[in-house]
Ligand code: PMV
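Residue numbers (the working numbering): -5 to 314.
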């Protein structure tokens, strides 16, 4: 038996620091990978495909099934998954699962670790199959790790990773050094469906008014925030996070609960900035702070589960 009859692949979760929603309108986004990962082990065997000891189930294992459809030519498999991401936290666990599963299946099929750019593209397609709408933001960030700046055009001064094209759209992924800081992440306890929130913003944009101005300003914030991050100007990163949040609120994806969490964290000593992260309508918010325990306590006082999260996790790893 070659080593590659059994493989293990792992990929990190992520959060969006700047640019959610605006990325749908051709603006850039900036994501940071976490030091917490999803691991998928897969082993060839006789018989059927099992996931964590159970028969493959389209509802429970939608992301795994989508990856199998495109990247497995058949035959029995024993798949096991393990996640160190807080569950249902909006920290990219479905993308990390897609990336790790696609990579494990490609490695089993070819007997070698796959190229990250191939995995990023294939995992994006797998996510699309399940969700119907997505940008390649999450799967790219999870494949590369560290920091990723995704933009429709090459960005001067940033190392380019790969290009993804779909329908009429192009995204270019760039590497960004992650800052040596911790963030605090809290969950609102509400679940916002990404597709619904994207539709809501589209309605506002189509209605005219100031929505498109907010989208364009978020694009500028993302570019400025990327530079501030690279200059390690955390005060400025924090102010830009606050401003990004205000524009997301104007776009309608804030909820009362998210607003309450952002307010609570801003009162904590050491907070430099706070915003919702991801699609909104629920989900999570993030805090940049010089004192993560203070922000975590402030959020727990308003009954929000909160975690101190290190960023800059490495990207996809595959072992035979
Ligand atoms: O829900 P998340 O964390 O995957 O973020 C969605 C980000 C959006 O910009 C709202 C949508 C997208 O596909 O880019």
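Where a beta carbon is used, it is the ideal one built from N, C-alpha and C, also for glycine.
By Cβ distance below 6 Å, which residues in the same chain neighbour residue i in space, the five residues on each side in sequence not counted?
i           : result
residue 179 : 278, 280, 301 and 303
residue 80  : 301
residue -1  : 38
Closer than 8 Å by C-beta to residue i: which residues in its own chain qualify, once you throw out the five before and the five after it? Chain order, please.
i           : result
residue 67  : 103
residue -5  : Any answer about residue -5 is weak, because its pLDDT of 46 lies below 50 and its placement is not dependable; what the coordinates show is given next. Closer than 8 Å at Cβ, skipping near neighbours: no residue.
residue 150 : none
residue 244 : 204, 205 and 208
Any idea if residue i is buried or exposed, counting beta-carbon neighbours within 10 angstroms, 16 or more meaning buried?
i           : result
residue 14  : buried
residue 49  : exposed
residue 134 : buried
residue 183 : exposed
residue 64  : exposed
residue 147 : exposed
residue 307 : buried
residue 316 : Limits of the chain in this structure are -5 at one end and 314 at the other, which puts residue 316 out of reach.
residue 8   : buried
residue 142 : buried
residue 76  : exposed
residue 52  : exposed
residue 69  : exposed
Just list the residues that DSSP pairs residue i with in beta bridges.
i           : result
residue 139 : 308
residue 280 : 179 and 269
residue 34  : 3 and 75
residue 229 : Paired residue(s): none; residue 229 is not in a bridge.
residue 239 : Its beta-bridge partners do not exist; DSSP assigns none.
residue 145 : 166
residue 134 : Paired residues: none, contrary to the question.
residue 159 : 164
residue 301 : 179
residue 12  : 24
Throw me the rounded Cβ distance for the residue i and residue j pair, which I believe falls under 8 Å.
i           : j           : result
residue 17  : residue 131 : 6 Å
residue 127 : residue 192 : 6 Å
residue 120 : residue 60  : 4 Å
Identify, in the order they occur along the chain, each residue of the same chain with its Cβ nearer than 7 Å to the Cβ of residue i, setting aside the five sequence neighbours on each side.
i           : result
residue 93  : 5, 113, 117, 133, 136, 137 and 310
residue 248 : 242, 270 and 274
residue 314 : -3, -2, 1 and 101
residue 288 : 262, 263 and 264
residue 122 : 128
Using a C-beta cutoff of 8 Å, does residue i count as contacting chain D?
i           : result
residue 251 : Looking for chain D here will not work: only one protein chain is present.
Using a Cβ-based criterion (distance less than 7 Å to any ligand heavy atom), does residue i qualify as near ligand 2?
i           : result
residue 184 : This structure does not include ligand 2; its bound ligands are ligand 1.
Would you say the region 288 to 298 touches the region 197 to 213, given that touching needs at least three Cβ pairs under 8 Å?
Two segments are said to touch when three or more pairs of C-beta atoms, one from each, lie closer than 8 Å; by this definition the region 288 to 298 does not touch the region 197 to 213.
Would you say the region 253 to 272 touches the region 31 to 41, given that touching needs at least three Cβ pairs under 8 Å?
With a cut-off of 8 Å, the region 31 to 41 and the region 253 to 272 do not count as touching, because too few Cβ pairs lie within range.
Could you check whether the region 115 to 126 touches the region 85 to 97, counting it as contact only if at least three pairs of C-beta atoms, one from each stretch, sit closer than 8 Å?
Per the Cβ contact rule, the region 115 to 126 is in contact with the region 85 to 97 (3 or more Cβ pairs under 8 Å).
Assess contact between the region 227 to 238 and the region 197 to 204, defined as three or more Cβ pairs (one per stretch) separated by less than 8 Å. Is contact present?
With a cut-off of 8 Å, the region 197 to 204 and the region 227 to 238 do not count as touching, because too few Cβ pairs lie within range.
Would you check if there are 3 or more beta carbon pairs closer than 8 Å linking the region 255 to 275 to the region 217 to 224?
Judged by Cβ distances under 8 Å, the region 255 to 275 makes no contact with the region 217 to 224, as fewer than three pairs qualify.
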